[in-house]
Each structure stands twice: as structure tokens, then as C-alpha cells.
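J.: Next up is a structure, given as C-alpha cells.
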Amino acid sequence: MLAQHSYSNKDRIEQASHLLVIYNYRDVATFEAERIATLSEGAQEFYRNKIASQGEATVLGWMRSQAYIALGIALTGLASMELDSTPMEGIDLEAYDQILHRDKYRPVLAIAIGKRSDDDINQPTITPKQRRSEVFL
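When we follow this note's numbering, the leftmost residue of the sequence shown carries the number 20, and every step to the right adds one.
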């Protein structure tokens, strides 16, 4: 069902053995009520002084950035288990949200996961990366 809301990533989702969706809190108040007290004193001080003090838009952006830290850790962990993965922002987040609706959370991105296949078109031996030869300054 999610594949049809994944644009050019449709095939990746249909071929994946697993799909991991990374979420953020929907609102700052719930995040603060549930998570801030669980942080160390130094982390709480950092959050209040450097993040929360700049307003709700900054907090929401910061929370989104945290999803990318989780993404990096997940991709590294999956690679260490010899699993291939494709991180995806190219998905219809509103449709994902409606399908997977979580009261407190909203989707940010997804990761298609599966065992390596030699005939996967994403393998560098089949579709090598092309680098630009021009230098941009």
C-alpha cells in the first residue's frame, strides 16, 4: 500500500523485505513533556538554551535533523549486517501519515531494506555513479 505513495521509489519498496519509517513528534509540547526530563542535565540545558529558546519552528527543524542522525546510524548498522538499504525522502509523507497514522508522531523519511542481489539495478556494477568533470567554485 505504501509503495503506490512512494513515487520513483515504488519498485524499491515492492522489492524490499522490510521498510523502516522514521518518525518525529507531531508537536513540541508532547516532545517536551515526554522526552526532555529523560535527558541528562547538560542535554536539557542545551535544548532549552540553544534550541527551544529560538521558538517552535527551530525545535521542529531540530527534531527533523535528529531523524537524519538516526538515518545515518541505521544505514551504517544495516551495511555492517551486509543488508542493502535505500534511504527515501521521495515519498508522499501525507499519504504515509494517513496510512500509518500515529497520534503523537509523523513520518519524516523511510528506508527500504533487503538482502543484496547481484542483479539489483542500484548496484554500482550495473549502474555506476557518474561524476561531473567540471569544477564548480
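Think of the CB as a built atom: it goes at the ideal place given N, C-alpha and C, for glycine as much as any other residue.
By the DSSP assignment, the beta strand (DSSP E) with Gly-109 in it spans what residues?
T.: Note, Gly-109: premise wrong, no beta strand (DSSP E); not H, not E.
J.: My understanding is that Ile-130 touches Thr-105, with C-beta atoms under 8 Å, so please give their C-beta distance in whole angstroms.
T.: 7 Å
J.: Tell me the residue span of the alpha helix (DSSP H) that contains Ala-93.
T.: 75-99
J.: Using the rule of at least 16 other Cβ atoms within 10 Å of the residue's Cβ for burial, across every protein chain shown, is Pro-143 buried or exposed?
T.: exposed
J.: To which residues of the same chain is Arg-83 closer than 8 Å at the C-beta, ignoring the five residues directly before and after it?
T.: Asn-43, Val-127
J.: Which of the three DSSP states is assigned to Arg-151 in this structure?
T.: In this structure, Arg-151 counts as coil in the three-state DSSP scheme.
J.: Considering Cα atoms alone, identify which of Ile-132, Pro-147, Asp-116 is closest to Leu-38.
T.: Ile-132
J.: Let's test the definition: count the other Cβ atoms within 10 Å of the Cβ of Ala-28 and tell me whether it reaches 16, buried, or not, exposed.
T.: The residue you asked about is not Ala; residue 28 is Asn in the sequence shown. With 16 or more Cβ atoms within 10 Å of its Cβ, Asn-28 is classed as buried.
J.: Taking Cβ to Cβ, would you say Leu-102 is nearer than 8 Å to Lys-134?
T.: Between Leu-102 and Lys-134, the C-beta gap is smaller than 8 Å, which places the two residues in contact.
J.: Quick one: grab the DSSP three-state call for Val-29.
T.: According to the sequence shown, residue 29 is Lys rather than Val. In this structure, Lys-29 counts as helix in the three-state DSSP scheme.
J.: For Gly-96 and Ala-89, what's the separation of their Cα atoms in angstroms?
T.: For the pair Gly-96 and Ala-89, the Cα-to-Cα distance works out to about 10 Å.
J.: Rounding to the nearest angstrom, what Cα-Cα distance links Ala-62 and Ala-71 in this structure?
T.: C-alpha separation (whole angstroms): 12 Å.
J.: Nearest-angstrom Cα distance between Phe-50 and Gly-109?
T.: 26 Å
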